[in-house]
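Heads up, the thing below is written out as structure tokens.
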Amino acid sequence: MQLNVEAISSTDPVAADGSPDNGVDAPDLRIFVFALFLVFGGIISLNDVIIPKLKDLFTLSYAQAMLVQSAFFAAYFLISVPAAAIVRRFGYMTTASIGLLTMTAGCLLFIPAAASATFGIFLIALFVLAAGITTVQVVANPLISLLGPAGTASSRLSFAQAFNSLGTTISRLWVQCSSSVR
999 MQLNVEAISS TDPVAADGSP DNGVDAPDLR IFVFALFLVF GGIISLNDVI
1049 IPKLKDLFTL SYAQAMLVQS AFFAAYFLIS VPAAAIVRRF GYMTTASIGL
1099 LTMTAGCLLF IPAAASATFG IFLIALFVLA AGITTVQVVA NPLISLLGPA
1149 GTASSRLSFA QAFNSLGTTI SRLWVQCSSS VR
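This is the structure we're talking about:
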């Protein structure tokens, strides 16, 4: 069985010339992508921390409080495919920049959400933040596989996912420590 190279999309981490070792040697970029995975894990786990706070602040029912998770993870469902189209059209780095700017916009939307004390604006901010994370994740997963020899791509992806888990753990510990200081 032969692989049809022409059927491979431009977002697949495979060399166009079919060379067996097509990795890019960019250690600084690799470290940056690992750091992104750390941030993803941290932000995603903070949803569980803010739900009880928002529930108390807005006197929400359980169903209303779960809109936090729904707003956040709806972005994964709604944004992943458009993000892949952006990667195909503009490339990895431009799409990563768009995702990071979207994440920044989502973070900045928490300012008017807090100032107005409006639950709906918090949900919009969470969705925008998650849309940015989704976009960057669409880039980061295949990108990390390109940043080194093809034979070790799965190891790099596993290592990057370990940073995601580390971010999940560290952010919860950080929140617990900062909450106990007050």
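Numbers 999 to 1180, taken from the numbering used here, label the letters of the sequence shown in order.
Quick reminder that beta carbons are idealized off the backbone N, C-alpha and C, glycines included.
Since the model is a prediction, treat every value here as computed from it, not as a measurement.
Distance, residue j Cα to residue i Cα
i, j, result
"leucine 1065", "glycine 1104", "16 angstroms"
"serine 1095", "tyrosine 1074", "18 angstroms"
"phenylalanine 1071", "phenylalanine 1125", "8 angstroms"
"proline 1050", "threonine 1166", "18 angstroms"
"glycine 1089", "alanine 1081", "11 angstroms"
"arginine 1170", "proline 1140", "28 angstroms"
"isoleucine 1168", "asparagine 1045", "14 angstroms"
"serine 1153", "isoleucine 1131", "22 angstroms"
"leucine 1199", "phenylalanine 1117", "It is not possible to answer for residue 1199, since the shown part of the chain is limited to 999 through 1180."
"glycine 1097", "phenylalanine 1035", "13 angstroms"
"alanine 1160", "alanine 1033", "11 angstroms"
"leucine 1055", "alanine 1063", "11 angstroms"
"threonine 1150", "serine 1068", "36 angstroms"
"methionine 1091", "tryptophan 1172", "30 angstroms"
"serine 1043", "leucine 1052", "15 angstroms"
"aspartate 1026", "leucine 1099", "20 angstroms"
Bounding residues of the alpha helix (DSSP H) (the contiguous stretch that carries residue i)
i, result
"phenylalanine 1056", "Segment: none, phenylalanine 1056 is in no alpha helix (DSSP H) and carries neither H nor E."
"threonine 1150", "First-last for threonine 1150: undefined, no H or E at that position."
Under 8 angstroms between C-beta atoms of residue i and residue j
i, j, result
"alanine 1123", "alanine 1111", "yes"
"alanine 1148", "glycine 1021", "yes"
"isoleucine 1077", "alanine 1138", "no"
"leucine 1155", "arginine 1028", "no"
"phenylalanine 1030", "asparagine 1162", "no"
"leucine 1127", "methionine 1101", "yes"
"leucine 1107", "isoleucine 1119", "yes"
Where residue i sits in the DSSP three-state scheme
i, result
"glycine 1089", "coil"
"glycine 1021", "coil"
"serine 1169", "helix"
"proline 1110", "helix"
"methionine 1101", "helix"
"threonine 1116", "coil"
Where residue i falls, given that 16 or more other Cβ within 10 Å makes a residue buried
i, result
"threonine 1093", "buried"
"serine 1143", "buried"
"serine 1176", "exposed"
"glutamine 1135", "buried"
"isoleucine 1109", "exposed"
"valine 1085", "buried"
Chain D contact for residue i (CB, 8 angstroms cutoff)
i, result
"tryptophan 1172", "Protein chains in the displayed structure number just one, and chain D is not present."
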